[in-house]
Amino acid sequence: MRWQLPSHDKKAVYLQLINVILQGIEQSALLPGEQLPPERQLAHDLGVNRSTVQHALNELVSQGILLRQQGSGTWVNSGKWGVLSAHVNWRNYFTTDRLSDPESFMVQLKQLRQQPEVLNLADSQTENAPLRQLALPSIAMATLLQQNTANAMSGSPALKAQIRRHLHPYLNQPLPDEQLLITAGAQQAFFLIAQGLLSYGDAIAIESPSYLYQLALFQVAGIRVFGVPRTKNGGLSLDDLQHLYYQHHLKFVFVNPTNQNPTTQTMPLAERHTLIARCRQLNLPIVEDDPFGFTLALSQQSIPTLKQLDPNNVIYIGSLSEFSGADTRIGWLIAPPAIVTRLSEIRQEMESGISIFSQYLATQLLSQPNLADLVAQQQHQLAHARQRLLRLLAPFVAQGQLAYQIPTLGNTLWLHILTKSTMTRADYQVFLDQQLLVLPDFLFGRHSNHVRLSYSQLPADDTLLKQRLQAVMAQLID
3 MRWQLPSHDK KAVYLQLINV ILQGIEQSAL LPGEQLPPER QLAHDLGVNR STVQHALNEL
63 VSQGILLRQQ GSGTWVNSGK WGVLSAHVNW RNYFTTDRLS DPESFMVQLK QLRQQPEVLN
123 LADSQTENAP LRQLALPSIA MATLLQQNTA NAMSGSPALK AQIRRHLHPY LNQPLPDEQL
183 LITAGAQQAF FLIAQGLLSY GDAIAIESPS YLYQLALFQV AGIRVFGVPR TKNGGLSLDD
243 LQHLYYQHHL KFVFVNPTNQ NPTTQTMPLA ERHTLIARCR QLNLPIVEDD PFGFTLALSQ
303 QSIPTLKQLD PNNVIYIGSL SEFSGADTRI GWLIAPPAIV TRLSEIRQEM ESGISIFSQY
363 LATQLLSQPN LADLVAQQQH QLAHARQRLL RLLAPFVAQG QLAYQIPTLG NTLWLHILTK
423 STMTRADYQV FLDQQLLVLP DFLFGRHSNH VRLSYSQLPA DDTLLKQRLQ AVMAQLID
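Take the sequence shown: its position 447, counting from 1, is numbered 449 in my numbering, and each next residue is one higher.
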């Protein structure tokens, strides 16, 4: 965050500072839970009186945008986006590119992605190997278009039949057509919920940390989003959830209970039961994001989903992306028929349908007799890549510099960097300087000295990755 007042602004100085802070929050230059510089330092850097700084901060504290602890400092409210009060001009946000700041970590990361010499441990997209092995039967364009005409608003009946066939044993409940909505990936499902089941100013809860902090779709819809801390064993802090429910009148809680992104933790069964019980008590609906559900269904390894434990109170979202890669862009939403109808109509009104080719491709893929073997092969390859990465990290773990929990699913690792003090956003710049792309914890709404590493695109030779890891750790631990 660059602390500088506008040079030609005629407003009172304390109002200028308020605007600087609000713009910093809107543009993600100031993140939830981030501590502001001490008042004395801020006054010195801006060339203003300390009383002016106090006036501005007091105003933002009174609005709930900042939080202050006596003797400890001032922080951005960790409620992420929901901290902005009702009179903030959201239209300014719509026209603001969150990544326009050249100092933004994500801007630099996206620019470096194009460089051939970088090592990309940030992107977790799975290679679409199963699709490459798929032999498609010949089909006339006219036949394909005829099938598209016959498709229901909620998606292809043939694709629904395949999804139902694979998910029925996993979810352990019937999946009638009227409860199943085919989507163009999980993000379209979130978007439709934001557009069809929520209104401007409504509040929802998400986990903290969570990859949902990186999605702008809730912000654009004017939805206030509040983070609920995760517990060490993978559950949610239910007391915090209940407090947020009564304070902000939450409409939904969004949960990613299995192989959570980014922590890779899986919520234990007992914690799932207590979450469901508390949400029933509060009459709070749950949106369950289960990106690995299809993989688990095919491998016959699973823990009961929230949808299975409480079918009537949970909207379930799944996707093929973790199995077939992002290119297919096929997901699904399972909900009561009235909700499926409502969201289908909204999508049709917005002319935001699903590609007939994606649905046809997904249908052919899911009908393959060796599908379970393809899943097992993919999981074996990811396990091998994970072991390679863990071997490279082992020396740093032995020296007490790094720690992690070994994930059982997926292709990412939530790595804890054991420095003596909390790392600042600037500290993570060392990864970019070494052309080693990772995703720091602040992108997921937390400041806890973590980075997310993906091992889906490891280089063929470990030597260069080992050298860059050594260079990064030498600077961070120094």
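We put the CB at the ideal spot given by N, CA and C, even for glycine. Since we're looking at a predicted model, the values are computed, not measured.
According to DSSP, is glycine 229 part of a helix, a strand, or is it coil? Here the question's residue 229 lines up with position 227 in the sequence shown. Three-state result, glycine 229: strand.
Could you tell me which residues DSSP pairs with aspartate 291 in its beta bridges? Numbered from 1 along the sequence shown, position 289 holds the residue referred to as residue 291. Bridge partners of aspartate 291: Ile319.
Determine the extent of the beta strand (DSSP E) in which arginine 70 is found, giving its start and end residues. The residue you call residue 70 lines up with position 68 of the sequence shown. Note, arginine 70: beta strand (DSSP E), 68-71.
Is the beta carbon of arginine 390 less than 8 angstroms from the beta carbon of aspartate 480? Along the sequence shown, one-based indexing puts residue 390 at 388. Along the sequence shown, one-based indexing puts residue 480 at 478. It is not a contact, given that the beta carbons lie outside the stated cut-off.
CA-to-CA distance, histidine 250 to aspartate 312, given in whole angstroms: Against the sequence shown, residue 312 aligns to sequence position 310. Against the sequence shown, residue 250 aligns to sequence position 248. C-alpha separation (whole angstroms): 24 angstroms.
Buried versus exposed call for serine 369 [16 or more other C-beta atoms within 10 Å across all chains shown]: By 1-based counting over the sequence shown, the position of residue 369 is 367. That one is exposed.
Alpha carbon to alpha carbon, what distance is there between glycine 237 and glutamate 209? Locating residue 209 in the sequence shown gives position 207, counting from the first residue. Locating residue 237 in the sequence shown gives position 235, counting from the first residue. Each residue's alpha carbon lies about 10 angstroms from the other.
Considering Cα atoms alone, identify which of Arg331, Met425, Leu376 is closest to tyrosine 362. The count along the sequence shown starts at 1 and reaches residue 362 at position 360. With distances taken between Cα atoms, tyrosine 362 lies closest to Arg331.
Cβ shell of tyrosine 430 (< 6 angstroms), same chain only, five flanking positions each side left out: Here residue 430 refers to the residue found at position 428 of the sequence shown. Hits under 6 angstroms: Pro442.
Is the distance from the Cβ of arginine 448 to the Cβ of proline 211 below 8 angstroms? Walking along the sequence shown from the start, residue 448 turns up at place 446. Walking along the sequence shown from the start, residue 211 turns up at place 209. Yes, Cβ-Cβ distance for arginine 448 and proline 211 is below 8 angstroms.
Per-residue DSSP class, three states only, for alanine 207: As a first step, residue 207 is located in the sequence shown; it is residue number 205 there, counting from the start. Three-state DSSP puts alanine 207 in a strand.
Applying the 10 Å Cβ sphere with the 16-neighbour rule, what's the burial state of threonine 185? Here residue 185 corresponds to residue number 183 of the sequence shown, with the count starting at 1. Looking at its Cβ environment, which holds 16 or more other Cβ atoms inside 10 Å, threonine 185 is buried.
Give the secondary structure of threonine 185 by DSSP, where H, G and I count as helix, E and B as strand, and everything else as coil. Numbered from its first residue, the sequence shown carries residue 185 at position 183. DSSP places threonine 185 in strand when its eight states are reduced to three.
Going by other Cβ atoms of all chains shown within 10 Å of its Cβ, with 16 needed for buried, is isoleucine 165 buried or exposed? On the sequence shown, residue 165 is found 163 positions in, with the first residue counted as 1. So isoleucine 165 ends up on the buried side.
In chain order, what residues of the same chain lie with their CB nearer than 7 angstroms to the CB of leucine 252, ignoring the 5 residues before and after it? Along the sequence shown, read from residue 1 onward, the residue named residue 252 stands at position 250. If we look at leucine 252 and ignore the five residues flanking it on each side, its Cβ neighbours are Ala205, Ile206, Ala207, Leu246, Leu286.
Just how far apart, CA to CA, sit leucine 173 and valine 377? Reading the sequence shown from its first residue, position 171 is the one you call residue 173. Reading the sequence shown from its first residue, position 375 is the one you call residue 377. If I take the Cα positions, the gap works out to 18 angstroms.
Beta-carbon gap between tryptophan 5 and glutamate 36 smaller than 8 angstroms: As a first step, residue 5 must be located in the sequence shown, where it is residue number 3. As a first step, residue 36 must be located in the sequence shown, where it is residue number 34. Cβ atoms of tryptophan 5 and glutamate 36: not closer than 8 angstroms.
Excluding five sequence neighbours on each side, which residues of the same chain lie with their C-beta closer than 6 angstroms to the C-beta of alanine 14? In the sequence shown, residue 14 corresponds to position 12, counting from 1. Closer than 6 angstroms at the Cβ level, and outside the excluded window around alanine 14, lies no residue.
Considering only residues of the region 393-467, which uninterrupted beta strand (DSSP E) runs meet the minimum length of 3 residues and lie entirely inside it, listed in chain order? 414-419, 452-456
Leaving aside the five residues before and after serine 304 along the sequence, list all residues of the same chain whose C-beta is less than 7 angstroms from its C-beta, in chain order. Reading the sequence shown from its first residue, position 302 is the one you call residue 304. Result list for serine 304: Tyr172, Leu298, in chain order.
From Val399, Pro409, Leu123, residue whose alpha carbon lies closest to that of threonine 421: Numbered from its first residue, the sequence shown carries residue 421 at position 419. Residue Val399 is the option with its Cα nearest to threonine 421.
Please name the residue, chosen from Gln175, Thr266, Pro39, that lies closest to methionine 3 on a Cα-to-Cα basis. Looking up residue 3 in the sequence shown gives position 1. Selected option, being the one with the closest Cα: Pro39.
Helix, strand or coil: which one does DSSP assign to asparagine 122? Within the sequence shown, the letter at position 120 stands for residue 122. Three-state DSSP puts asparagine 122 in a strand.
Does any residue of chain C have a CB that is nearer than 8 angstroms to the CB of arginine 167? Absent from the structure is chain C; it holds one protein chain and no more.
Threonine 276 - DSSP class collapsed to helix/strand/coil: The residue given as residue 276 occupies position 274 in the sequence shown. Correct three-state label for threonine 276: helix.
Just how far apart, CA to CA, sit threonine 307 and methionine 155? The residue labelled residue 307 in the question sits at position 305 within the sequence shown. The residue labelled residue 155 in the question sits at position 153 within the sequence shown. So the alpha carbons of these two residues sit roughly 27 angstroms apart.
Neighbour-count burial assignment, glutamine 197, 16 or more Cβ in a 10 Å radius: To locate residue 197, count along the sequence shown from 1; it is residue 195. Buried, because 16 or more other Cβ atoms sit within 10 Å of the Cβ of glutamine 197.
Strictly by DSSP, which residues pair up with tryptophan 334? Here residue 334 refers to the residue found at position 332 of the sequence shown. Its beta-bridge partners are Ile184, Gly320.
Cut-off 7 angstroms between Cβ atoms - residues of its own chain near arginine 93, not counting five sequence neighbours on either side: Residue 93 sits at position 91 when you count from the first residue of the sequence shown. Reliability of the predicted coordinates at arginine 93 is poor, the pLDDT of 41 falling under 50, and no value is obtained from them.
Provide the residue span of the alpha helix (DSSP H) that contains valine 50, from first to last. Here residue 50 corresponds to residue number 48 of the sequence shown, with the count starting at 1. Element bounds for valine 50: n/a, residue is neither H nor E.
Residues that threonine 76 bridges to, as DSSP identifies them: Start at 1 with the first residue of the sequence shown, and residue 76 comes out as number 74. DSSP lists Arg70 as partners of threonine 76.
Look up leucine 17 in the DSSP assignment and say whether it is helix, strand or coil. On the sequence shown, residue 17 is found 15 positions in, with the first residue counted as 1. Leucine 17: helix per DSSP, three-state reduction.
What number of angstroms, rounded off, separates the C-alpha of leucine 438 from the C-alpha of arginine 232? As a working mapping, residue 438 is identified with position 436 in the sequence shown. As a working mapping, residue 232 is identified with position 230 in the sequence shown. Cα to Cα, the separation comes out at about 28 angstroms.
Rank Leu434, Leu415, Asn451, Leu169 by C-alpha distance to the C-alpha of asparagine 261 and give the top, closest one. Your numbering for residue 261 matches position 259 in the sequence shown. Nearest C-alpha to asparagine 261: Leu415.
So lysine 253 is in the alpha helix (DSSP H); what residue range does that whole segment cover? Position 251 of the sequence shown holds residue 253. Here lysine 253 belongs to no alpha helix (DSSP H); instead the beta strand (DSSP E) covers 252-257.
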